[in-house]
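Q:
Protein chains: 2
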Amino acid sequence: MRKVSVASILALVSSQAIARDDLMMSARQIFRPIPKVLPAIRDNPVTPEKVELGKKLFFDPRISVSGIISCNTCHNLGTGGVDAGPTSVGHGWQKGPRRAPTVYNSVFNVAQFWDGRAPDLKAQAKGPVQASAEMNATPDHVTKTLNSMDDYVGMFKQAFPRDTPSVSFDNFAKAIEAFESTLTTPAAPFDQYLNGNASALNDQQKAGLKLFMDKGCSSCHRGINIGGQDYFPFGVVGKPDAKLLPTADKGRFVVTNAVGDEYVFRVAPLRNVALRAPYFHSGQVWSLEEAVGIMGEVQLGTKLDDKERSDIAAFLNALTGHLPNIEYPMLPTRTNETPPPSLGR
Amino acid sequence: MRKVSVASILALVSSQAIARDDLMMSARQIFRPIPKVLPAIRDNPVTPEKVELGKKLFFDPRISVSGIISCNTCHNLGTGGVDAGPTSVGHGWQKGPRRAPTVYNSVFNVAQFWDGRAPDLKAQAKGPVQASAEMNATPDHVTKTLNSMDDYVGMFKQAFPRDTPSVSFDNFAKAIEAFESTLTTPAAPFDQYLNGNASALNDQQKAGLKLFMDKGCSSCHRGINIGGQDYFPFGVVGKPDAKLLPTADKGRFVVTNAVGDEYVFRVAPLRNVALRAPYFHSGQVWSLEEAVGIMGEVQLGTKLDDKERSDIAAFLNALTGHLPNIEYPMLPTRTNETPPPSLGR
């Protein structure tokens with residue numbers, strides 16, 4: 001038996017501890033845990049009354065002109081804040097062009113939608129309601145519907161006591177924004193790790209985290225949301241398959257009209273990404289490992305081997321946080337003044 | 001000032017009390033309050049494990065082949081256990097032929113569906129899943145989907161520990177039945193009245209209750225569910241407008257093939273009816289007063305005046321019970337083995 005001195009064992013343990021701390025220190029430079037205090041919202045102070053109203057609106061299918069589709073239809077809070085994919089289905093069974101982004105932690109994104117065309121959640125909330133391939137409604141349909149039910153009118157008065165009228169399309173969107181701002185998922189293993197608990201990630205997840213930083217993933221996927229902050233072309237190095245990047249959808253170009261923004265998208269936020277297959281704006285990739293491999297190739301010019309992809313996927317699994325408890329809302333009852341559903345286009 | 005003896009006042013009060021008690025006593029002969037103890041289910045002992053599993057299944061859109069439609073889509077627990085109507089919309093935006101019946105208190109019905117073709121809720125649960133115009137799935141799709149997610153497999157083992165395999169289409173239906181059997185809405189004003197609280201109904205509601213019994217409504221709408229026990233033709237006395245009774249839908253005739261069952265339907269259960277417009281199996285009547293008037297004409301041969309219709313509607317509003325608190329379920333995460341959604345027909 002070889003003799004091993006106590007001093008050499010201590011040295012070994014200590015160097016491992018330092019290595020671990022190095023990883024944690026590096027990670028803390030790039031990522032931030034989900035804050036314990038809910039974030040403040042620009043031009044829209046969050047109150048319990050707004051949140052409760054916003055929850056009802058989020059789950060109310062009568063906002064759509066068909067009476068069938070609610071925000072929760074495509075941003076299902078029971079399945080990671082997204083639908084089954086690949087892209088969403090809306091009014092008249094029309095297929096939307098892009099994968100539903102998650103509402104969970106969306107408050108931490110720099111802007112909303114895959115192309116960042118909405119500066120915040122209140123602007124975002126007005127989009128799908130009016131999109132003919134989604135809820136196919138109008139602001140007039142929304143306010144007529146809400147004004148037809150005294151319970152809603154009362155809740156709007158409570159939530160927006162200074163506004164006359166309190167029921168408006170703007171306030172509808174603000175209430176939804178207030179609710180959505182509460183949809184954060186703290187306490188993922190990675191948050192615990194960033195907060196100093198070195199054992200919150202297992203060895204494979206740490207190896208994945210190291211790869212995620214060393215290979216360059218974290219130059220875009222960074223911050224609280226591990227993404228959601230910047231805009232980059234899908235295909236920095238290599239062009240993705242047309243199935244993943246349909247040529248007709250030029251991404252942020254449509255927003256800015258800048259040639260440099262062709263096929264540019266907001267960096268996908270990766271919180272709870274393991275809950276949210278299929279991946280990419282086109283929703284054509286069903287496995288996290290495969291998605292990781294594609295990103296390595298087209299964004300970084302790196303062919304990741306099986307172990308690397310699997311380690312990074314293990315790390316991404318550590319981004320699954322604590323989903324909030326949501327009591328399913330009982331909605332106000334329609335009246336004879338409520339617009340009846342309309343299924344036609 | 002006229003002199004009024006104490007004795008005559010007492011006599012007046014007493015006769016009013018007796019009149020009130022007479023009404024209550026008559027009502028107790030015909031109706032029963034929602035029991036405090038949840039009902040037992042034939043061939044399916046209700047356990048907390050089954051109820052929790054059944055709740056997830058009820059809300060899981062991945063049961064449908066499109067991945068979009070859950071039981072809750074048409075039986076929305078936030079809007080009285082029904083959808084916006086008139087009739088339901090399913091796979092491919094197909095319009096179903098009938099109004100969605102409510103799941104609330106459905107455990108108290110003698111049989112399920114408007115035509116009673118399912119003897120119980122476990123048989124009912126298998127219908128819409130497989131109907132091509134509803135969820136358009138197969139038992140194979142359901143069990144494949146459930147078996148692809150370990151969390152579901154574990155929950156089935158807990159809920160059906162004696163069955164091998166525990167995941168089956170039968171057990172899927174039994175779990176949903178167990179959940180639905182908990183969806184009762186006790187403590188409506190009318191329940192409180194039947195339980196002896198004479199002031200639980202106001203005077204108009206009592207007048208409505210009296211009319212409801214005197215005019216004959218209660219010969220069919222009786223029992224715990226104020227209906228749901230018997231089968232009668234829609235149009236006992238007069239033929240309803242074809243808009244309300246489309247000639248193509250012969251009701252229970254399709255179930256029994258008996259000539260006497262043409263245009264026969266299960267008597268509509270009236271619990272929470274005020275939450276559930278539009279009315280009738282065709283879903284073409286949006287006002288409760290109008291529905292009451294139609295029933296008077298075509299079922300009883302009675303033209304009810306405005307006050308009578310309004311009084312009966314007031315009584316029907318007293319059938320709205322306490323809706324349960326439902327925590328929105330967080331669903332198991334899909335895996336690479338989960339069948340992807342399919343939108344085609």
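For the protein sequence lines, the chains are G and B, in the order given.
Residue numbers for the first sequence follow full-length UniProt numbering, so the first one is 1 and each next one is one higher.
Residue numbers for the second sequence follow full-length UniProt numbering, so the first one is 1 and each next one is one higher.
Note that beta-carbon positions come from the ideal geometry of N, C-alpha and C, so glycine has one too.
1) Per DSSP, F31 (chain G) is paired with what?
2) Where does A118 (chain B) fall in DSSP's three states?
3) What residues in its chain sit with their C-beta under 6 Å from that of S148 (chain G), if we drop five residues either side in the sequence?
4) I believe A188 (chain B) touches G81 (chain B) by the beta-carbon criterion, under 8 Å. Please report the beta-carbon distance rounded to the nearest angstrom.
5) Can you give me the Cβ contacts of F169 (chain B) inside the same chain, cut-off strictly under 8 Å, excluding the 5 residues immediately before and after it?
6) First and last residue of the beta strand (DSSP E) that includes Y328 (chain B)?
7) Per DSSP, which residues does P233 (chain B) bridge with? Please list them.
8) Determine, using beta carbons only, whether G331 (chain B) and A313 (chain B) come nearer to each other than 9 Å.
9) Nearest-angstrom Cα distance between T164 (chain B) and A118 (chain B)?
10) Comparing the C-beta of S132 (chain G) with each C-beta of chain B, is any distance below 9 Å?
11) Please determine, among B:S106, B:A198, B:T247 and B:A291, the residue with the shortest C-alpha to C-alpha distance to L77 (chain B).
12) Please determine, among B:A291, B:S132, B:R162 and B:S166, the residue with the shortest C-alpha to C-alpha distance to L146 (chain B).
13) Considering only the beta carbon of each residue, do A133 (chain G) and H91 (chain G) sit closer than 9 Å?
14) Tell me the rounded alpha-carbon separation between I294 (chain B) and D230 (chain B).
15) Starting from the C-beta of L201 (chain G), find all residues in its chain whose C-beta is less than 8 Å away, skip the five residues before and the five after it, and write them out in chain order.
16) Relative to the C-alpha of K215 (chain G), which residue among G:T102, G:A248 and G:D311 is closest?
17) Please confirm whether N109 (chain G) and P269 (chain G) have their CB atoms less than 9 Å apart.
18) To which residues does DSSP link V89 (chain G) through a beta bridge?
19) Which two residues bound the contiguous alpha helix (DSSP H) that contains R309 (chain B)?
20) Quick one: list the residues of chain G neighbouring F59 (chain B), beta-carbon separation under 8 Å, in chain order.
21) Can you tell me the Cβ-Cβ gap for I41 (chain G) and V129 (chain G), rounded? I've got them flagged as a contact below 8 Å.
22) Around the C-beta of T247 (chain G), are 16 or more other C-beta atoms found within 10 angstroms, so that it is buried, or is it exposed?
23) When you compare only the Cα positions, how much space is there between K174 (chain B) and R99 (chain B)?
24) Grab me the residues of Q204 (chain G)'s own chain with a C-beta within less than 6 Å of its C-beta, minus the 5 sequence neighbours each way, in chain order.
25) Going straight from the alpha carbon of G96 (chain G) to that of M135 (chain G), what length do you get?
26) Using a C-beta to C-beta distance shorter than 7 Å, which residues of chain G count as neighbours of G344 (chain B)?
27) Would you call the CB atoms of K36 (chain G) and P186 (chain G) closer than 9 Å?
28) Check the C-beta distance from L121 (chain B) over to E180 (chain B) and give it rounded, since I have them as a contact under 8 Å.
29) Tell me which same chain residues have a C-beta within less than 7 Å of the C-beta of Q94 (chain G), skipping the five on either side of it?
30) Is the Cβ of G85 (chain G) closer than 9 Å to any Cβ of chain B?
31) Do P33 (chain B) and T182 (chain B) have their C-beta atoms closer together than 9 Å?
32) Could you pull the start and end residues of the alpha helix (DSSP H) that Q205 (chain G) belongs to?
33) Note down the Cα distance separating Q158 (chain G) from K55 (chain G), rounded to an integer number of angstroms.
34) Who are the neighbours of A242 (chain B) on chain G, taking C-beta pairs under 9 Å?
35) Going along chain G in order, which residues have a C-beta closer than 9 Å to the C-beta of residue 348 (chain B)?
36) Which word fits K206 (chain G), buried or exposed, when buried means at least 16 other C-beta atoms lie within 10 angstroms of its C-beta?
A: Once the coordinates are examined:
1) Paired residues: G:G223.
2) Strand.
3) So the qualifying residues of the chain are T335, E337 and T338.
4) Not confirmed; about 14 Å, so no contact.
5) Closer than 8 Å at the Cβ level, and outside the excluded window around F169 (chain B), lie K126, P139, V142 and T143.
6) Looking at the DSSP string, Y328 (chain B) is not in any beta strand (DSSP E), and its letter there is neither H nor E.
7) In the DSSP assignment, P233 (chain B) forms a beta bridge with B:V264.
8) For the sequence presented, residue 331 (chain B) should be read as Leu rather than Gly. Taking a C-beta distance under 9 Å as the contact criterion, L331 (chain B) and A313 (chain B) do not qualify as a contact pair.
9) Each residue's alpha carbon lies about 26 Å from the other.
10) It does not; no Cβ of chain B falls within 9 Å.
11) Residue B:S106 is the option with its Cα nearest to L77 (chain B).
12) When only C-alpha atoms are compared, the closest one is B:S166.
13) Yes.
14) Whole-angstrom Cα-Cα distance: 19 Å.
15) Cβ within range, chain order: P189, F190, Y193, L209, F315 and A318.
16) The shortest Cα separation from K215 (chain G) among G:T102, G:A248 and G:D311 belongs to G:D311.
17) With contacts defined as CB atoms closer than 9 Å, N109 (chain G) and P269 (chain G) qualify as a contacting pair.
18) Beta-bridge pairing links V89 (chain G) to G:K95.
19) Per DSSP, R309 (chain B) belongs to the alpha helix (DSSP H) from D306 to N317.
20) Taking the beta carbon of F59 (chain B) as reference, the chain G residues within 8 Å of it are G78, listed in sequence order.
21) Cβ-Cβ separation between I41 (chain G) and V129 (chain G): approximately 19 Å, too far for a contact (criterion under 8 Å).
22) Exposed: under 16 other Cβ atoms inside 10 Å.
23) Going from the Cα of K174 (chain B) to the Cα of R99 (chain B) covers about 24 Å.
24) Same-chain partners within the cutoff: D311 and A314.
25) Cα to Cα, the separation comes out at about 11 Å.
26) For G344 (chain B), no chain G residue has a Cβ inside 7 Å of its Cβ, as the nearest lies near 10 Å away.
27) In this structure, K36 (chain G) sits near P186 (chain G), with a CB-CB distance shorter than 9 Å.
28) Between E180 (chain B) and L121 (chain B) the Cβ distance is about 5 Å, and since that is below 8 Å, they are a contact.
29) The answer, listed in chain order, is A133.
30) With respect to chain B, the C-beta atom of G85 (chain G) has a partner C-beta closer than 9 Å.
31) Their beta carbons are not under 9 Å apart, which means P33 (chain B) does not touch T182 (chain B) by this criterion.
32) Counted as a single uninterrupted DSSP element, the alpha helix (DSSP H) harbouring Q205 (chain G) occupies residues D203 to D214.
33) The straight-line gap from Cα to Cα measures roughly 15 Å.
34) Correct list: empty, because the minimum Cβ distance to chain G is about 19 Å.
35) In the structure displayed, chain B extends from 1 to 345; residue 348 (chain B) sits before or after that span and is not available.
36) So K206 (chain G) counts as buried.
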